[in-house]
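Take a look at the structure set out below.
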Amino acid sequence: MNFQDLHELLRVELLRRIERGTLTGSRLAQQAGFQQAHISNFLNRKRSLSLEGLDRVLASQNLTIDQILPLDITAAQSPIPTQTSDPIEIVPVVSPSAAMDEARISPSAIIETIQVSASRLHDNRARPSARHAHWQRFLAIRADTQQSAAMAPLVSPGAIAVLDRHYNSLAPYRAHQPTLYAVRCGAALLLRFVDFDEGRLILRPYSRDFPVQLLPLATHETPADYIVGRVCLVFSEL
Numbered sequence: 002m003n004f005q006d007l008h009e010l011l012r013v014e015l016l017r018r019i020e021r022g023t024l025t026g027s028r029l030a031q032q033a034g035f036q037q038a039h040i041s042n043f044l045n046r047k048r049s050l051s052l053e054g055l056d057r058v059l060a061s062q063n064l065t066i067d068q069i070l071p072l073d074i075t076a077a078q079s080p081i082p083t084q085t086s087d088p089i090e091i092v093p094v095v096s097p098s099a100a101m102d103e104a105r106i107s108p109s110a111i112i113e114t115i116q117v118s119a120s121r122l123h124d125n126r127a128r129p130s131a132r133h134a135h136w137q138r139f140l141a142i143r144a145d146t147q148q149s150a151a152m153a154p155l156v157s158p159g160a161i162a163v164l165d166r167h168y169n170s171l172a173p174y175r176a177h178q179p180t181l182y183a184v185r186c187g188a189a190l191l192l193r194f195v196d197f198d199e200g201r202l203i204l205r206p207y208s209r210d211f212p213v214q215l216l217p218l219a220t221h222e223t224p225a226d227y228i229v230g231r232v233c234l235v236f237s238e239l
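Counting in the numbering used here, the sequence shown runs from 2 upward without gaps.
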């Protein structure tokens with residue numbers, strides 16, 4: 002995570018607040034002590050903020066850096082820890098179709114495995130739907146090019162995304178932060194931020210080069226029918 006990535010995370014959060022009507026560009030400029038044109042250029046990626054400016058914007062919105070980090074990102078040469086006193090749990094890496102459809106992962110469906118500290122997994126809060134409550138909880142997928150491009154730089158090509166399939170709720174996992182989900186979209190599994198409005202799931206990429214997608218729900222369907230799980234960890238190779 003570098004300074005530019007931090008800019009992008011803050012920009013996404015501010016734009017989310019503006020889209021929801023809880024903030025305007027002029028109000029943000031007034032609260033942070035900037036000219037409106039300066040804030041507009043920042044929101045439209047035409048200029049960056051200084052470190053002092055970044056602090057002023059965060060303070061004006063009662064935000065901290067921890068609050069705008071959307072998930073636990075681990076950058077490592079290998080997702081397998083080499084030294085730890087914490088018990089290790091083996092997590093299977095499977096295909097997107099297996100992640101979506103298999104309640105219990107069969108040995109034949111396992112592509113590879115990774116080792117993750119047990120505390121990092123089981124410290125996660127669960128909000129399972131009735132359908133998924135008895136599914137195998139933790140598994141992982143490797144992000145393909147399309148998934149990683151839509152969520153760059155949060156998810157890099159080939160990154161391993163660990164899914165908590167016992168979190169199928171749209172309740173924010175952390176206050177004032179978007180939650181990254183694995184979502185069923187036809188035959189594809191997408192990694193997206195998700196909102197729900199007027200009977201539709203709103204699938205938001207991190208990269209502004211990708212469009213927002215609307216997923217209409219039938220009258221008998223709920224968001225949990227499409228939310229495979231929450232992305233709780235991402236392991237990116239350097």
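Even glycine gets a Cβ: it sits at the ideal position worked out from N, Cα and C.
The three-state reading of DSSP puts I111 in coil, since its state is none of H, G, I, E or B.
Residue state for L140 is assigned as strand, using DSSP reduced to three classes.
Residues L192 of the same chain have their beta carbon placed closer than 6 Å to that of Q148, with the five preceding and five following residues left out of the count. A distance of 7 Å or more separates the beta carbons of L171 and V232. Counting only the Cα atoms, T114 lies some 36 Å from R17.
Boundaries of the alpha helix (DSSP H) harbouring F43: Q37 to L44, taken from the DSSP string. Closest by C-alpha distance to R209, out of M152, A176 and Q36, is M152.
The alpha carbon of R128 has as its nearest neighbour, out of N169, R48 and S107, the alpha carbon of N169. Contact annotation: the region 40–58 does not touch the region 223–231, with fewer than three C-beta pairs closer than 8 Å. Between R201 and L215, the C-beta spacing is below 7 Å.
By the neighbour-count criterion, in which a residue is buried when 16 or more other Cβ atoms sit within 10 angstroms of its Cβ, I112 is exposed. Its Cα nearest to that of R46, the residue L11 stands out among V163, Q178 and L11. Around the beta carbon of Q36, a 10 Å sphere encloses fewer than 16 other beta carbons of the protein chains shown; the residue is thus reported as exposed. Boundaries of the beta strand (DSSP E) around P93: I89 to V94. Within the same chain, Cβ atoms closer than 8 Å to the Cβ of T25 are found at I19, the five residues on either side in sequence being excluded.
Of the residues S61, T65, L52 and G34, the one whose Cα lies closest to the Cα of A176 is T65.
Under the DSSP assignment, D102 falls in the alpha helix (DSSP H) whose first and last residues are P97 to D102. Listed as beta-bridge partners of A189 by DSSP are C186. In the same chain as I89, and ignoring 5 residues on each side of it, the C-beta atoms closer than 8 Å to its own belong to P82, Q116, V117, S118 and A119, in chain order.
For D165, there is no enclosing alpha helix (DSSP H); the enclosing beta strand (DSSP E) has its first and last residue at I161 to D165.
Leaving aside the five residues that flank V92 on each side, the residues in its chain whose CB is nearer than 7 Å to its CB run, in chain order, T114, I115, V117, F139, L140, A141 and V163.
Annotated as proximal: A160 and S237, with beta-carbon spacing under 7 Å. Residue burial annotation: Q178 is buried, with at least 16 other C-beta atoms found within 10 angstroms of its C-beta.
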